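Quick note: to get the numbering used here, add 4 to the position in the sequence shown (first position is 1). Even glycine gets a Cβ: it sits at the ideal position worked out from N, Cα and C. Since the model is a prediction, treat every value here as computed from it, not as a measurement.
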Amino acid sequence: MKGERAALLLLTMVFLATLTLGYSTLPYAGPEGGLTRSLLDALFSDRPGEEGRPSSGGVFSFRAGFPNSDFTFKPSNIHVDCPVAVLPDDPMLVCTDGPAKSLPVLPNREPENMVVWYDGVYYVPRVYSQRGVTMLKGINPAPFTVDTDRPLVLMTYLRSASLEFRENSPGGTVSVFSALPVEEESVEEENGYRIHRYRLGPVNRSMRPGYYPFFVTVNSTNGTVALLMWVALLEKPIVEITDYPAVVGGDGSIWVTVRGTVRYPDGSPVDGGVVWITLNETKGKAGIFLGQSTVRNGRFEVKGFIGPGQPPGSYHVIAYYRGYMAYPSNSDPLMVIRRKPEVSARLENGTLRLSLYWRDVPLANEAVTLSVGSEVLTLKTDDEGYVTLNLTQENVTSIRVMYGGSTYYLPINETVQLAVGDGPSTRAEGPSLLERLLGLLKAFAGIFRVLFPLLAVIAIAGAGYSVYSKKRAELRLVPQFKLSMERVGFLKPSRRVFLPGEAVKVSLSDEAELFLDGESLGFGREFTLELGEGCHVLSAGGQEIELYVLPPREAVIKAYELHFLPFASSNGVPERPMTPLEIEHLLEEKGLDGKPLRGITRVFVRAKYSEHPVGKDDFIALLEGLRELGVVE
5 MKGERAALLL LTMVFLATLT LGYSTLPYAG PEGGLTRSLL DALFSDRPGE EGRPSSGGVF
65 SFRAGFPNSD FTFKPSNIHV DCPVAVLPDD PMLVCTDGPA KSLPVLPNRE PENMVVWYDG
125 VYYVPRVYSQ RGVTMLKGIN PAPFTVDTDR PLVLMTYLRS ASLEFRENSP GGTVSVFSAL
185 PVEEESVEEE NGYRIHRYRL GPVNRSMRPG YYPFFVTVNS TNGTVALLMW VALLEKPIVE
245 ITDYPAVVGG DGSIWVTVRG TVRYPDGSPV DGGVVWITLN ETKGKAGIFL GQSTVRNGRF
305 EVKGFIGPGQ PPGSYHVIAY YRGYMAYPSN SDPLMVIRRK PEVSARLENG TLRLSLYWRD
365 VPLANEAVTL SVGSEVLTLK TDDEGYVTLN LTQENVTSIR VMYGGSTYYL PINETVQLAV
425 GDGPSTRAEG PSLLERLLGL LKAFAGIFRV LFPLLAVIAI AGAGYSVYSK KRAELRLVPQ
485 FKLSMERVGF LKPSRRVFLP GEAVKVSLSD EAELFLDGES LGFGREFTLE LGEGCHVLSA
545 GGQEIELYVL PPREAVIKAY ELHFLPFASS NGVPERPMTP LEIEHLLEEK GLDGKPLRGI
605 TRVFVRAKYS EHPVGKDDFI ALLEGLRELG VVE
């Protein structure tokens, strides 16, 4: 009894410790508030908003209003041809003529506010972790309701999708706007609302993948009310399990590793997103969760264990992919689980009664070979898994049982002690409470043995990264092209993009003849030039560099591409199509200062995607951010 209490206490402590370890990964809800603003009150603020917190879990999570904003708004003369809604970082974000340029927003860049033309409900897709998309909800109070229970609809090429919304306007006229082909299916009255259902697609690959706004307006005598919802047109990737055990077997927990790939139809790898592995007896029904893994460069590896109580059988191993830039997909090869059967035997009045079973499931009609003294017999179990044999030999205390196995059961070859009794034959009793607790502790110990090295590595890596980041903060980050310039003899300029009228200082490592666009400027080491608008080539000592003199908007875009993107790549950002916000987010995750990153991203987004004027101050702000990161001098 004391042993069982001790085991129970230890198990409780382990369980509580496990909960504590896992708690830090739970999502939490962010602050609420912040109303949508009218068009005439909206423009950019010079102060970036605070980073948003992730919203609480689930596939979709709604909250009334955007996070509190520290933006200050000014009157605006903004004009776009698609009067839908805009976010401060990207005024062209939700035009209905194509997919949004900067959606879904990443966890550290939730919108601080919106500019809207109409009262109504506005949803914004937002990435949580790398698993998928949640929806932020902004409400601009309206005289009647236009809303939906499914603000994000997923669809892929060559397939149709359906969506619906409800409204209770007093005889209003409904209009829908979308770049995708759309057709009304039905309008029905239900609980005081009119339910509008539409069919989208099918869509061919001439349309770009992305998040398309689906904009609804309802005009009535009480005014116009709007609803902004979204359709994600995504490529369906090919998920393939490439390495897994087709057959596993054992008594107790079974550790399994499943590897595979996630690729787009053109063969290019999918980066990001999560693969879940489940074991399903049949398709379409809930399965047993095995584990999950993030997809990196098109590959995943999931390690997990099958619990000791999982019955033997044939299972679909389903790898289910979900990412915010690809349509859900899965792969489902078969895996067979084999279990070791149990044997019990009882001798009653000279009659041997043997039972073959697994966890109270009888193995019926199975051949077993019995070695009793000098006799060897092969018999079949009955429908209840029993074998009955009249013994002619005396003083038999044990028998040898051999079972050749089957598709779902492992072979056995073992000696079984005979229980003697006059009562009805029974199977062996189940394990005691102490044995069960010890078994569970053994399983926890196995898991801890696997997790402990990982936790140790994380701790060491964290300490190492702390030292590394401190050293890194003391050093100036030098882009890769800077090294190549020093080799060719150009010490200055460190940047390649200038504004018209800006003085360009050139410094050479040695005195040499400097050429501008093929014309000699004379010999020396230091030069000050004022270049006309366009692309220019400076050469000295057989080496050359290109300089660009451009108006502010073009200069911002060119400097971002020539200086910031190579810098991001040298700091581990994957070389694939990404939004500026994604790049900013990844660099912040790698420990870089978020303030200059946000400043660079903000100026670039304004120059690249908006209709706002971009001037000298914007270019200077971009350069300041690049200098703070050590990209240019």
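**Item:** Identified DSSP bridge partners for D247
**Value:** R263
**Message:** Out of Y122, E506, L381, L156, which one is the CA nearest neighbour of A146?
**Reply:** Y122
**Item:** Closest by C-alpha distance to Q397, when choosing among D597, V501, N353
**Value:** N353
**Request:** Report back the beta-carbon spacing between L374 and L381 to the nearest angstrom; my notes put them in contact at under 8 Å.
**Result:** 5 Å
**Prompt:** Could you check where the beta strand (DSSP E) with A330 kicks off and where it finishes?
**Reply:** 330–335
**Item:** Residue(s) in a DSSP beta bridge with E285
**Value:** For E285, which the question treats as bridged, DSSP gives no partner whatsoever.
**Prompt:** Would you report the Cα separation of A423 and L360, rounded to the nearest angstrom?
**Reply:** 15 Å
**Message:** Can you give me the C-alpha to C-alpha distance between R363 and G311, rounded to a whole angstrom?
**Reply:** 14 Å
**Residues near K509 in its chain [Cβ-Cβ closer than 7 Å; skip 5 each side]** = K496, P497, T532
**Prompt:** Could you give the uninterrupted runs of the beta strand (DSSP E) lying entirely in the segment 192–223, keeping only those of 3 residues or more?
**Reply:** 197–204
**Nearest-angstrom Cα separation, counted from V131 out to L158** = 14 Å
**Outcome for P556 when other beta-carbon atoms lying within 10 angstroms are tallied against a minimum of 16** = buried
**Request:** Just confirm the distance between the C-beta atoms of V306 and S318, as a whole number of angstroms; I'd bet it's less than 8 Å.
**Result:** That pair is no contact at about 20 Å.
**Message:** Can you look up A146 in the DSSP assignment and give me helix, strand or coil?
**Reply:** coil
**Identified DSSP bridge partners for W362** = V365
**Neighbourhood of G389 by C-beta, 6 Å cutoff - its chain only, sequence neighbours within 5 removed** = S359, L360, Y361, P366, L367, A368
**Message:** Taking 7 Å as the limit between beta carbons, can you name the residues of its chain near V260, skipping five residues before and five after?
**Reply:** P249, V252, L294, G308, F309, I310
**Message:** Excluding the 5 residues flanking I403 on each side, which residues of the same chain have their C-beta closer than 8 Å to its C-beta?
**Reply:** A349, L356, L358, L374, S375, V376, T419, V420, L422
**Request:** Within 10 angstroms of the Cβ of L140, are there 16 or more other Cβ atoms? Answer buried if so, exposed if not.
**Result:** buried
**Message:** Only counting the same chain, and skipping five residues up and downstream in sequence, which positions put a Cβ closer than 6 Å to that of S173?
**Reply:** F148, V222, S224
**Request:** Output the boundary residues of the beta strand (DSSP E) element that contains R404.
**Result:** 402–407
**Prompt:** Is the number of C-beta pairs between the segment 279–291 and the segment 589–607 that are closer than 8 Å three or more?
**Reply:** no
**Asked** Would V266 pass as a contact of Y215 if the rule is Cβ separation under 7 Å?
**Response** no
**Asked** In three-state DSSP terms, what is S574?
**Response** helix
**Asked** What are the residues that DSSP puts in a beta bridge with Q421?
**Response** S402
**Request:** Look up A516 in the DSSP assignment and give the residues it is bridged to.
**Result:** G528
**Request:** Consult DSSP for D153 and reduce its assignment to one of helix, strand or coil.
**Result:** coil
**Prompt:** Roughly how many angstroms lie between the CA atoms of I124 and A230, to the nearest whole one?
**Reply:** In the sequence under discussion, the amino acid at residue 124 is Gly, which differs from the Ile named in the question. Using only the alpha carbons, I get a separation of about 5 Å.
**Request:** Report yes if the C-beta distance between H589 and L630 is below 7 Å; otherwise report no.
**Result:** no
**Asked** With contact counted as at least three CB pairs below 8 Å, one residue from each stretch, are the segment 595–609 and the segment 517–535 in contact?
**Response** no
**Prompt:** Smallest Cα separation from D153: which of V577, M233, R610?
**Reply:** M233
**Prompt:** Which whole-angstrom value describes the C-beta separation of E187 and Y202, a residue pair presumed to lie in contact below a C-beta threshold of 8 Å?
**Reply:** 7 Å
**Asked** Helix, strand or coil for H540 per DSSP?
**Response** strand
**Asked** Just to confirm, are I281 and P316 a CB contact at a threshold of 7 Å?
**Response** no
**Message:** If I measure Cβ to Cβ from D336 and keep anything under 6 Å in the same chain, skipping five residues before and after, which residues do I get?
**Reply:** H320, I322
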